[in-house]
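Input: a single structure, listed below in structure tokens.
Residue numbers (this note's numbering), protein chains in the order written: chain E, 1 to 248; chain R, 1 to 250.
Dropping the structure here:
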């Protein structure tokens with residue numbers, strides 16, 4: 001275990017330095033959620049969204065999960081490039097723990113997402129978001145776990161496919177319906193019964209619902225417990241499955 | 001003494017069209033300190049064999065021992081004792097040379113201080129010191145290849161695997177790289193396992209050549225042996241006589 005931790009730290013450090021060298025990708029990764037927050041969020045302020053609290057307490061959690069979904073789903077593209085340039089094989093031929101190659105990258109993605117999420121929350125505050133600090137921190141923790149799941153899944157996919165177009169086709173096909181069905185933009189309680197039912201098979205829905213609850217200051221609820229359990233279970237499953245793909 | 005021993009190594013890929021037997025019962029021995037040229041036409045099983053011996057691909061059958069470690073029972077032990085330089089390189093173009101070297105040292109479990117020291121030592125040895133703080137993408141092909149070989153030497157390997165090391169280099173770059181490979185062996189006694197499709201490279205560098213075809217050893221011997229045995233004035237003639245095909249670029 002100490003070896004795994006040390007190796008994860010080495011891979012994390014390499015990936016983080018790589019991210020810091022490409023500052024534009026940090027900004028562009030946030031662009032779409034920022035636009036939703038700034039240009040779509042204000043449209044909701046006078047609507048009845050069927051919940052207590054302000055529209056910002058419902059919308060900002062959705063934007064945070066959207067950031068995790070959009071950011072996490074495509075991190076595999078970078079890994080695919082590293083596979084093609086031989087970086088991954090070069091590392092796999094060293095004594096590094098295979099799981100560290102996944103965990104170090106995933107940890108970098110989580111750190112990046114948390115930094116971006118904090119910036120989004122601060123912008124939300126400027127626009128009118130008012131939420132308890134404990135709720136925001138708990139919500140960020142849930143989003144971070146979800147980001148770990150999605151990153152691991154994306155890396156697993158990148159270890160399986162051969163080409164960038166193949167990866168992009170699969171990721172694009174999955175992301176859009178998942179985004180719409182998870183109720184990121186508006187709560188699924190507003191949806192007709194069939195759509196609400198369909199959204200229940202999408203695990204992100206439970207994360208979004210839980211983050212909305214904690215942003216409202218409701219912590220000890222079944223929604224939060226289910227959301228946390230589903231998110232943690234999804235992350236464990238994705239990390240376990242993807243780690244196996246880094247082994248020979 | 002043998003540093004690589006391979007017995008009956010096989011690898012079968014299962015494709016939609018059916019099984020493909022890339023390596024079929026390969027037997028091979030490489031002596032300590034030897035430079036072995038591993039030749040074969042396209043699809044002969046060179047890269048598959050190299051990927052198995054570097055633990056990147058599990059064999060379907062057979063057994064092998066590399067640098068004193070069993071390939072199947074102790075792949076981590078094999079990884080500790082080998083260096084691997086892929087044909088595609090393995091460099092991040094945005095990453096400075098020093099960082100690549102230090103990180104590679106850390107992946108080989110050197111302490112941060114030892115990894116930095118080893119990076120400086122290798123850079124001095126391979127003439128890379130002035131490039132240490134440059135991104136690898138800013139270097140010419142020949143210097144990038146040197147960095148890649150430096151990465152393969154970070155852990156002072158017993159065996160250095162080089163997969164088509166001079167592909168894409170100009171004649172001057174190829175000659176410099178040949179000198180470097182000879183020096184690595186002379187200075188450190190490192191065994192070099194070299195795949196190449198350049199027959200002049202194999203002849204110039206190798207103590208011994210193994211020609212593979214259809215996933216098995218078709219011939220082996222010193223370059224002079226092969227030429228004498230297969231009746232050709234050049235290694236190209238011998239290669240054609242052994243495989244019936246020219247060693248076209250992969």
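Built from N, CA and C at the ideal position, the CB exists for glycine as well.
Source: prediction; values computed, not measured.
For residue 33 (chain E), the enclosing alpha helix (DSSP H) covers residues 23–35. According to the DSSP assignment, residue 84 (chain R) belongs to the beta strand (DSSP E) that extends over 82–85. According to DSSP, residue 7 (chain R) shares a beta bridge with R:63. Contacts with chain R at 8 Å (Cβ-Cβ) include residue 86 (chain E). Between the alpha carbons of residue 223 (chain R) and residue 43 (chain R) lies a distance of about 22 Å. Taking each of E:243, E:144, E:74, E:223 in turn and checking the Cα distance to residue 172 (chain E), the smallest one comes out for E:74. Residues of the stretch 19–50 of chain R with a C-beta atom less than 9 Å from some C-beta of chain E do not occur.
Residue-level contact by beta carbon fails for residue 111 (chain E) and chain R, as no gap is shorter than 8 Å. By a beta-carbon distance limit of 8 Å, residue 23 (chain R) contacts residue 45 (chain R). Their separation comes to about 4 Å.
For residue 242 (chain E), no Cβ of chain R is located within less than 8 Å of the residue's own Cβ. Residue 184 (chain E) and residue 208 (chain E) have their C-alpha atoms some 7 Å from each other. Inclusion of residue 8 (chain E) and residue 103 (chain E) in the CB contact set at 8 Å is warranted, their separation being smaller than that value. Counting along the chain, the unbroken alpha helix (DSSP H) around residue 103 (chain R) starts and ends at 97–107.
Residue-level contact check: residue 108 (chain R) touches chain E, since one or more beta carbons of chain E fall below 8 Å from its beta carbon. Put simply, of E:216, E:239, E:51 the residue whose alpha carbon is nearest the alpha carbon of residue 147 (chain E) is E:239. Close partners of residue 103 (chain R) in chain E (Cβ separation under 7 Å): 10, 14.
Residue 70 (chain R) sits in a strand when the DSSP states are folded into three classes. Residue environment analysis places residue 126 (chain E) among the exposed positions, since fewer than 16 neighbouring C-beta atoms fall within 10 angstroms of its C-beta. Taking 8 Å as the upper bound for CB-CB distance, residue 157 (chain E) and residue 167 (chain E) are in contact here, some 6 Å apart.
Comparing alpha carbon positions, the residue from R:123, R:121, R:27, R:234 closest to residue 204 (chain R) is R:234.
For residue 126 (chain E), no pairing in a beta bridge is given by DSSP.
A straight line joining the alpha-carbon of residue 123 (chain R) with that of residue 103 (chain R) spans about 14 Å. The contact set of residue 2 (chain E) on chain R, defined by CB atoms closer than 9 Å, is empty, because the minimum CB distance reaches about 11 Å. Beta bridge pairing from DSSP links residue 28 (chain R) with R:6.
When only Cα atoms are considered, residue 110 (chain R) and residue 11 (chain R) end up about 33 Å apart. With respect to the C-alpha of residue 214 (chain R), the residue from R:244, R:37, R:226, R:200 having the closest C-alpha is R:244. Rounded to the nearest angstrom, the gap between the Cα atoms of residue 181 (chain R) and residue 196 (chain R) is 14 Å.
Beta-bridge analysis with DSSP links residue 208 (chain R) to R:36.
Beta-bridge pairing by DSSP links residue 14 (chain R) to R:19.
Restricting attention to beta strand (DSSP E) runs no shorter than 3 residues, the stretch 126–214 of chain R encloses them at 159–163, 191–195, 208–213, ordered along the chain. By the beta-carbon neighbour count (other beta carbons within 10 angstroms, threshold 16), residue 120 (chain E) is buried. Bridge pairing for residue 221 (chain R): R:209 [DSSP].
Ranked by Cα distance from residue 224 (chain E), the first of E:94, E:213, E:141, E:61 is E:213. Looking only at E:155, E:114, E:128, the smallest Cα-Cα distance to residue 137 (chain E) is reached by E:114. Under DSSP, the beta-bridge partners assigned to residue 216 (chain R) are R:213.
For residue 105 (chain E), not one C-beta of chain R is nearer than 8 Å to its own C-beta.
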